[in-house]
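Some notes on the structure that comes next.
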Amino acid sequence: EDQVTQSPEALRLQEGESSSLNCSYTVSGLRGLFWYRQDPGKGPEFLFTLYSAGEEKEKERLKATLTKKESFLHITAPKPEDSATYLCAVRASGGYNKLIFGAGTRLAVHP
Amino acid sequence: NAGVTQTPKFQVLKTGQSMTLQCAQDMNHNSMYWYRQDPGMGLRLIYYSASEGTTDKGEVPNGYNVSRLNKREFSLRLESAAPSQTSVYFCASSGDPQETQYFGPGTRLLVL
Chain C
-14 EDQVTQSPEA
-4 LRLQEGESSS
6 LNCSYTVSGL
16 RGLFWYRQDP
26 GKGPEFLFTL
36 YSAGEEKEKE
46 RLKATLTKKE
56 SFLHITAPKP
66 EDSATYLCAV
76 RASGGYNKLI
86 FGAGTRLAVH
96 P
Chain L
150 NAGVTQTPKF
160 QVLKTGQSMT
170 LQCAQDMNHN
180 SMYWYRQDPG
190 MGLRLIYYSA
200 SEGTTDKGEV
210 PNGYNVSRLN
220 KREFSLRLES
230 AAPSQTSVYF
240 CASSGDPQET
250 QYFGPGTRLL
260 VL
């Protein structure tokens, strides 16, 4: 069964304290791994798509990496405005564009 | 360019009442989706429309119906609301089924 697990469920950081969020997945034929950011009361906002092991993408203080079994979202020197829930989703091979989402990691960055 | 818009933002229903959630996108996307988000769980696909004129069931379709009104609009209907349908509903769209999905702001539904 296709599955996505994110850890930790919640993470509290001090401003400037770098860390990583994990997304582990089991899927039959990965056709893309997606990272979204979700602020309270809002819809998910697209961050990155990764397609193959070894691929990396960066945006400001965020860097996403992908292996055959997991993805990491590295946050370097975070600021309070990086506080949000980060969602990971995978698209498996199959008949339609089904995204399987993890439950998310709630990140709080304190000054 | 508003992206994906949803109405209403918040709704309270009594058990057994019906309502329609509206979604529109102005990105000329072909594919549209309806998800629900519950605490502690990932977003789950209810229905999707790969292109205008087609709709298909997702992971949790029971209790819902959809209509792809035209290329821009995709509505979700609850015929007889149940407390288990209390959730936050998100609409999304993508250029085609293989492209990135972009989400609307959500509709918060409470069924009493």
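Residue numbers (my numbering), protein chains in the order written: chain C, -14 to 96; chain L, 150 to 261.
C-beta: ideal position from N, C-alpha, C; glycine also.
Measure from the C-beta of residue i to each C-beta in chain C and report whether the shortest distance is under 8 Å.
{"i": "Met190(L)", "result": "yes"}
{"i": "Leu225(L)", "result": "no"}
{"i": "Phe159(L)", "result": "no"}
{"i": "Val255(L)", "result": "One detail in the question is off: residue 255(L) reads as Gly in this sequence, not Val. Taking Cβ atoms only, chain C reaches closer than 8 Å to Gly255(L), which makes this a yes."}
{"i": "Gly207(L)", "result": "yes"}
{"i": "Thr154(L)", "result": "no"}
Would residue i count as contacting chain L if we go by Cβ distances under 8 Å?
{"i": "Pro96(C)", "result": "no"}
{"i": "Thr70(C)", "result": "no"}
{"i": "Thr11(C)", "result": "no"}
On a CA-only basis, which of the options is nearest residue i? Give me that one, please.
{"i": "Ala93(C)", "options": "Gln23(C), Phe19(C), Glu41(C), Ser9(C)", "result": "Gln23(C)"}
{"i": "Ser167(L)", "options": "Ala199(L), Ala230(L), Val161(L), Arg221(L)", "result": "Ala230(L)"}
{"i": "Arg257(L)", "options": "His178(L), Tyr184(L), Glu228(L), Thr235(L)", "result": "Thr235(L)"}
{"i": "Tyr21(C)", "options": "Ala62(C), Thr61(C), Ser56(C)", "result": "Ser56(C)"}
{"i": "Ser13(C)", "options": "Ala77(C), Gly89(C), Ser(-8)(C)", "result": "Ala77(C)"}
{"i": "Arg46(C)", "options": "Phe33(C), Leu15(C), Ala38(C)", "result": "Phe33(C)"}
{"i": "Ala69(C)", "options": "Ala62(C), Val75(C), Thr90(C)", "result": "Thr90(C)"}
{"i": "Val(-11)(C)", "options": "Asn7(C), Ser37(C), Pro25(C)", "result": "Asn7(C)"}
Throw me the rounded Cβ distance for the residue i and residue j pair, which I believe falls under 8 Å.
{"i": "Gly207(L)", "j": "Arg217(L)", "result": "Not really, about 14 Å apart at Cβ, beyond 8 Å."}
{"i": "Leu58(C)", "j": "Tyr71(C)", "result": "6 Å"}
{"i": "Gly255(L)", "j": "Ala241(L)", "result": "In fact, because the Cβ distance is near 10 Å, the residues do not count as touching under 8 Å."}
- Task: Examine the Cβ distances between the stretch 154 to 170 of chain L and the stretch 51 to 66 of chain C and report whether three or more of them are shorter than 8 Å.
- Result: no
- Where in the stretch -10 to 17 of chain C do unbroken runs of the alpha helix (DSSP H), each at least 4 residues long, occur, reported from the N-terminal end onward? none
- Item | Meets three-Cβ-pair contact criterion under 8 Å: the stretch 40 to 49 of chain C and the stretch 158 to 166 of chain L | no
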